[in-house]
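Single-structure report; data block below.
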Amino acid sequence: MIPNPLSRLAATRRHSLLAAGAAAGLLALPGTAARAQYGGGGAPAAAPAGPPQAPGFYRFKVGAFEAVVVNDGFWARPASGLVRNAPDAAVEAAAQEAFLPVRPMPIPFNITFLRTPRALIAFDTGTGIGMNPTSGTLRANLAAAGIDPAQVDLVVISHFHADHISGLLGENDAVVFPKAEIAVPTVEWTFWTDESNVGRVIEGQRGNFPNTRRRFAPYQARIRRYEDNAELAPGVRAVASPGHTPGHMSFLVADGDGQLLVICDAANRPELFLRNPGWHAVFDFDGAQAEASRRKLLDRAAADRMRVTGYHFPFPANGYVVKQGDGYRFVPGEWSSAV
Ligand SMILES: [Zn+2]
Numbered sequence: 007m008i009p010n011p012l013s014r015l016a017a018t019r020r021h022s023l024l025a026a027g028a029a030a031g032l033l034a035l036p037g038t039a040a041r042a043q044y045g046g047g048g049a050p051a052a053a054p055a056g057p058p059q060a061p062g063f064y065r066f067k068v069g070a071f072e073a074v075v076v077n078d079g080f081w082a083r084p085a086s087g088l089v090r091n092a093p094d095a096a097v098e099a100a101a102q103e104a105f106l107p108v109r110p111m112p113i114p115f116n117i118t119f120l121r122t123p124r125a126l127i128a129f130d131t132g133t134g135i136g137m138n139p140t141s142g143t144l145r146a147n148l149a150a151a152g153i154d155p156a157q158v159d160l161v162v163i164s165h166f167h168a169d170h171i172s173g174l175l176g177e178n179d180a181v182v183f184p185k186a187e188i189a190v191p192t193v194e195w196t197f198w199t200d201e202s203n204v205g206r207v208i209e210g211q212r213g214n215f216p217n218t219r220r221r222f223a224p225y226q227a228r229i230r231r232y233e234d235n236a237e238l239a240p241g242v243r244a245v246a247s248p249g250h251t252p253g254h255m256s257f258l259v260a261d262g263d264g265q266l267l268v269i270c271d272a273a274n275r276p277e278l279f280l281r282n283p284g285w286h287a288v289f290d291f292d293g294a295q296a297e298a299s300r301r302k303l304l305d306r307a308a309a310d311r312m313r314v315t316g317y318h319f320p321f322p323a324n325g326y327v328v329k330q331g332d333g334y335r336f337v338p339g340e341w342s343s344a345v
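The opening residue of the sequence shown carries number 7 in the working numbering; numbering runs sequentially from there.
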């Protein structure tokens, strides 16, 4: 099968598109892509070929708050090698059962923003510039959504993987959030700012140490550390969900009757990791701990019928969770023309 992660185009266009994809590094080796995404390195890549997609943002209410999910493109990587404790054939079968391409498979990036009466809040910052050829659409989608990063009051970081913190900086490492306070999990900060921990992570993640130094450098005076259960803003509370990284956090947003659980990377693609919550992603620092966190969060979301957003869920990356067998089923939220 010819890998074509960009779109299903007519066969007559395939050759030119593949050529463009190859030129843009789209068909780079998986290890390179892994380093580029999670290691914080990688050379800048060209924009994806072809006509642009419709703007990727979607609004919904959480009580009187407004959540806005904004898309930052995707990463195309093989389904094989994604799960540490399941055979590739099982992972590919699960993806194919969900009609996902597997060679490569798209891993989407979606950032949740929140407007409250007092603040504009971002949960993580996206991939920044040039992480891979099919990511980096956040800026254009923010503009389409009418969100100016300069107006963001608070950036809440879930964890320090490159696809979550690299968007702190733009072209030439310019500050993207000039007035925001940056809230970081204390455990995460302690771990990734201590380079003596380099031997504790897989090789593909070692770039996260220099990337942490680089991305937070211009924000030093505005960094606030937070712990589990901290109230980050009125109606926004931290929920510890460690394992994916040592200090990974999720967030509970509550206003009136509205509740939203921003689960970040407690689960990657739902077609794989909600269906099979016992699967341990290759990026997880501690797979067993990540699984325990995932089950706890998803059980809560299912029991309370809470809406969730997932960073790597398919756009618009929001919906509900139902318990099913030993796992969960993801039910996408109703798309509504009314906010
Ligand atoms: Zn991620």
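C-beta: ideal position from N, C-alpha, C; glycine also. Every value quoted in this text rests on a predicted model; they were computed, and no experiment measured them.
Return the chain-ordered list of same chain residues with a C-beta closer than 6 Å to the C-beta of Val89, the five sequence neighbours on each side being excluded. In the same chain as Val89, and ignoring 5 residues on each side of it, the C-beta atoms closer than 6 Å to its own belong to Val97, Trp285, in chain order.
By a C-beta neighbour count over all protein chains shown, 10 Å radius and 16 as the cutoff for buried, is Gly241 buried or exposed? Buried.
Would you mind working out which of Glu209, Ala298, Pro123, Val193 sits nearest Glu233, comparing C-alpha positions? Among Glu209, Ala298, Pro123, Val193, the Cα nearest to that of Glu233 is on Val193.
How is the alpha helix (DSSP H) around Ser299 delimited, first residue to last? From DSSP, the alpha helix (DSSP H) with Ser299 extends over 293-309.
Whole-Å CB distance - His250 paired with His318, under 8 Å assumed: Rounded, the Cβ-Cβ distance is 11 Å, inconsistent with contact.
Check whether the Cβ atoms of Asn203 and Ala168 sit closer than 8 Å, and answer yes or no. Cβ atoms of Asn203 and Ala168: not closer than 8 Å.
Buried or exposed for Ala40, going by 16 or more other Cβ atoms inside 10 Å? Because Ala40 carries a pLDDT of 41, less than 50, the predicted location of this residue cannot be relied on, and no value is offered for it.
So what does DSSP say about Leu126, is it helix, strand or coil? Residue state for Leu126 is assigned as strand, using DSSP reduced to three classes.
Given Ala227 as reference, the closest of Val190, Leu304, Pro155, Val207 once Cα atoms are compared: Per the Cα distances, Val190.
Threshold first: 4 residues or longer. Then list the alpha helix (DSSP H) segments lying entirely within the region 87-151, N to C. Given a length threshold of 4 residues, each whole run of the alpha helix (DSSP H) inside the region 87-151 is given here in chain order: 94-103, 144-151.
Hey, would you say the C-beta of Tyr225 is under 7 Å away from at least one heavy atom of ligand 1? It does not: the Cβ of Tyr225 is nowhere closer than 7 Å to a heavy atom of ligand 1.
So the candidates are Ile269, Pro139, Glu177, Pro283; which of them puts its Cα closest to the Cα of Ala298? Out of Ile269, Pro139, Glu177, Pro283, Pro283 has the C-alpha closest to the C-alpha of Ala298.
Ordered along the chain, which non-local residues of its own chain (more than five positions away) have a Cβ less than 8 Å from that of Ala100? A distance below 8 Å between beta-carbons, with the five flanking residues on each side excluded, links Ala100 to the following residues of its chain, in chain order: Glu277, Leu278, Arg281, Asn282.
For ligand 1, list every residue whose C-beta falls under 7 Å from any of its heavy atoms, going in chain order. By the rule of a C-beta closer than 7 Å to any heavy atom of ligand 1, the residues picked out are His167, Asp169, His170, Asp271, Tyr317, His318.
So who's on the other strand from Val328, going by DSSP bridges? Residue pairing for Val328: DSSP places it in a beta bridge opposite Arg335.
Exposed or buried, Asn91, counting other C-beta atoms within 10 Å across all chains shown (16 or more means buried)? Burial call: exposed.
CB contact flag (Val76, Phe66, <8 Å): No, these two residues do not count as a Cβ contact at 8 Å.
Same chain, Cβ closer than 6 Å to Tyr334, neighbours up to 5 away in sequence not counted: Correct list, in chain order: Leu280, Leu304, Val327.
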